[in-house]
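Take a look at the structure below.
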Amino acid sequence: WVTFDPYSFFAWFVVPFLVLLVFGKIDFQWFSLKRAQKVDFVIFLGIILIGALAISLIPLFPSLSSYYESYGERALDFKLLYAKRHLIWLSCWLFPWEFLTRYVLLKSSVKLNSRWGWLFVPLFELGYHLIKPWPEAVGMLFFSLFLTIWTMRRKSLMPAFIAHLIIELELLAFLLLV
């Protein structure tokens, strides 16, 4: 059962944030949607549709369907409890993950190599997801490439965070309904 994960919250967000704050290295504009453009809302719609399609393919891959247990046949009280605990779990790792990857690692790797440093983030995410079934790891690589480019263009991690949140909520809905 999923619940609050203090390690992810502190290791991926609190500690890096405090270190950057102490050294005065935080650009708070990266945490807003002020740099968003109208096309970003069309992109969000595309992510909703493509994400739903990708998640609907889970039953076609035995490795994914065994990894992601379906709760569609469970009682409503179980589903509500699972949803509540899952949302608590998401709250402790999703924004910290985006902060760590698309702020701390992205900005640092681009400083080291302005032309190719950004590729470190998708490769890092691929490495992290190699413990999961291969279709998810490959999908995450392409999703991360897209999100990282989008983050660099907007100089904001919020579009990537919202996009990742959309996918996670779609996955939760799928697990509870199918």
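The sequence shown begins at 1406 in the working numbering and counts up one residue at a time.
Note that beta-carbon positions come from the ideal geometry of N, C-alpha and C, so glycine has one too.
Rounded straight-line distance, which links the Cα of residue j to that of residue i
| i | j | result |
| --- | --- | --- |
| Leu1511 | Leu1577 | 28 Å |
| Leu1517 | Val1583 | 45 Å |
| Phe1529 | Lys1484 | 33 Å |
| Asp1410 | Ile1572 | 20 Å |
| Leu1580 | Leu1450 | 21 Å |
| Ser1514 | Gly1522 | 5 Å |
| Tyr1412 | Val1419 | 10 Å |
| Asp1432 | Ser1549 | 22 Å |
| Leu1462 | Ala1441 | 31 Å |
| Phe1500 | Ala1565 | 10 Å |
| Ile1455 | Val1424 | 37 Å |
| Val1543 | Leu1531 | 7 Å |
| His1534 | Arg1507 | 16 Å |
| Ile1453 | Arg1490 | 23 Å |
| Phe1446 | Arg1520 | 28 Å |
| Gly1477 | Ile1567 | 26 Å |
Spatially closest choice to residue i from the options, by CA coordinates
| i | options | result |
| --- | --- | --- |
| Ile1460 | Asp1410, Pro1540, Ala1441 | Pro1540 |
| Met1563 | Ile1455, Trp1502, Pro1467 | Trp1502 |
| Tyr1472 | Leu1426, Lys1537, Gly1544 | Lys1537 |
| His1569 | Leu1552, Phe1418, Val1543 | Leu1552 |
| Met1545 | Val1526, Phe1428, Thr1556, Trp1435 | Val1526 |
| Lys1560 | Phe1418, Tyr1487, Leu1438, Leu1486 | Leu1438 |
| Ile1554 | Tyr1487, Lys1430, Glu1474, Leu1524 | Leu1524 |
Check whether residue i and residue j have beta carbons under 9 Å apart
| i | j | result |
| --- | --- | --- |
| Glu1575 | Ala1416 | no |
| Leu1495 | Pro1421 | no |
| Phe1436 | Cys1497 | no |
| Ile1493 | Thr1556 | no |
DSSP state of residue i mapped onto helix, strand, coil
| i | result |
| --- | --- |
| Gln1434 | helix |
| Thr1408 | coil |
| Lys1484 | helix |
| Lys1537 | coil |
| Val1515 | helix |
| Gly1477 | coil |
| Ser1413 | helix |
| Phe1418 | helix |
| Leu1423 | helix |
C-beta neighbour in chain C for residue i, strict 9 Å
| i | result |
| --- | --- |
| Phe1418 | Protein chains in the displayed structure number just one, and chain C is not present. |
Any non-hydrogen atom of the ligand COA closer than 8 Å to residue i Cβ
| i | result |
| --- | --- |
| Asp1445 | Absent from the structure shown: the ligand COA. Ligands present: none. |
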